[in-house]
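Reading the sequence shown from the start, the letters are residues 7 to 274 in this note's numbering.
All C-beta atoms, glycine included, are put in the ideal place defined by N, C-alpha and C.
In this text, all values refer to a predicted model and were calculated from it rather than measured experimentally.
Notes to accompany the following structure.
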Amino acid sequence: MKLSVILLTWNSANDVKPCLDSVLESTAHIECEVIVLDNNSEDGTLELLKQYKDRILLLRNTGNQGVARGRNRALLKASGEFIWILDIDTVVNKPAVDAMLLHLETVPDTGICGCKLKSLQGEVQDSCRQMPSLRYKFLNISIPLLERCGCFAAFRERLMRWNNKQFYHQQMLGGQFFEVGYLIGACQMFHHSVLSAVGYLDEHIFYGPEDADFCLRIRNAGLKVIYLPHVSIVHHYMRISNKHLFSRMSFLHLKAIIYFLWKNRGSL
């Protein structure tokens, strides 16, 4: 198997068909398996997934067990030479798939890579970042309050620039790939052997910086985290923790950030 695509769903009925159709079309030219783990959806997601039963491997959890644990269960089933962790709220294309695979095959010191993520309106998202800090995450979670005050857009732009100066600088270089702190879990592709080298996602993190933690372990293993700006996919960019500032998800996200910072206090 050339490629294993890992998708996680939780009440994702609006995103299942666009994502799966694009994945299956974009990988039709290679030997590929699509593994979908559903975290106990209650909105019709499972019924939609069952329509693809002959084209995907569908796994189900009896409850919402979080991002890391859900993806790990799917990763254990993966048999591909390369693995692609992908969010269900994405729409992908063949050039992006081929570019990431080619980079991993031809640049041996790459541990993990990802491409540019854009909104439907063409806005480039801050999908490659410096390692998280408690101050940045607190401000990021507080964005709903700023939206109500009418200063969201200006603050978000300043926050992105402050947190990711390298990202903005490197965007000026055009198509040249570059090394980053970490890639968000919406799009991460890596060689299967990376799992043997650094382990799976940290299941102590229910929802939050499991992507940063994974990339940090890859960097600590002497491999590079690479961003490819010359290809892109669409990402609808659901921000679960920001829908309600004092929700359970926001609490779990903040708890995960504190855990991540404490766990990696010697590496950051």
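Going straight from the alpha carbon of residue i to that of residue j, what length do you get?
i    : j    : result
K8   : V40  : 11 Å
L54  : S28  : 15 Å
L207 : Y265 : 14 Å
T96  : S18  : 11 Å
L82  : V231 : 22 Å
C104 : P114 : Note that residue 104 is Asp in the sequence shown here, rather than Cys. Spanning the two alpha carbons is a distance of roughly 16 Å.
Q71  : A80  : 13 Å
E224 : G187 : The sequence as given places Ile at residue 224; Glu does not occur at that position. Approximately 11 Å, taken between the alpha carbons.
H35  : Q136 : 35 Å
S85  : N270 : 30 Å
I12  : M195 : 10 Å
D93  : I239 : 11 Å
G228 : V200 : 11 Å
G50  : D219 : 32 Å
D217 : L189 : 7 Å
G128 : I89  : 26 Å
E48  : G117 : 36 Å
L126 : E209 : 32 Å
K59  : R66  : 13 Å
Y243 : E111 : 28 Å
N20  : Q57  : 14 Å
L222 : C119 : 13 Å
Residue i and residue j look like a contact to me (Cβ under 8 Å); what is the Cβ gap, rounded to whole Å?
i    : j    : result
N46  : L14  : No, N46 and L14 are not in contact; Cβ-Cβ is about 12 Å, not under 8 Å.
A74  : I211 : 5 Å
R61  : L107 : Contact flag wrong, Cβ pair sits at about 20 Å.
C121 : V204 : Not quite, the Cβ-Cβ distance comes to about 21 Å (not below 8 Å), so this is no contact.
F183 : H109 : 7 Å
K100 : S32  : 5 Å
Whose C-beta lies closer than 6 Å to the C-beta of residue i among residues of the same chain, with five residues either side of it excluded?
i    : result
L64  : V42 and L55
E37  : M7 and K8
L258 : F212 and Y213
P235 : K122
L26  : Y58
So what does DSSP say about residue i, is it helix, strand or coil?
i    : result
P24  : helix
E39  : strand
I263 : helix
L52  : helix
L9   : strand
V113 : coil
L1   : Residue 1 is absent from the model: the chain starts at 7 and stops at 274.
L123 : strand
Just to confirm my understanding: we take residue i, look at its own chain, exclude 5 residues before and 5 after, and list those with CB closer than 8 Å. What are they?
i    : result
E185 : K230, V231, I232 and Y233
E87  : M7, K8, L9, H197 and H198
T68  : N46
P24  : V97
If I measure Cβ to Cβ from residue i and keep anything under 7 Å in the same chain, skipping five residues before and after, which residues do I get?
i    : result
A262 : I211, F212, Y213, G214 and P215
P123 : Contrary to the premise, residue 123 reads as Leu rather than Pro in this sequence. Q131, S133, A192, C193, S238, I239 and H241, listed in sequence order.
I91  : I12, R77, G191 and Q194
V22  : T15, T51, L54, L55 and I94
Enumerated in chain order, which unbroken segments of the beta strand (DSSP E) with a length of 3 residues or greater are wholly contained in the region 187-247?
193-197 and 230-241
If we require 3 or more residues per run, which beta strand (DSSP E) segments fall completely within the region 48-105?
63-66 and 88-93
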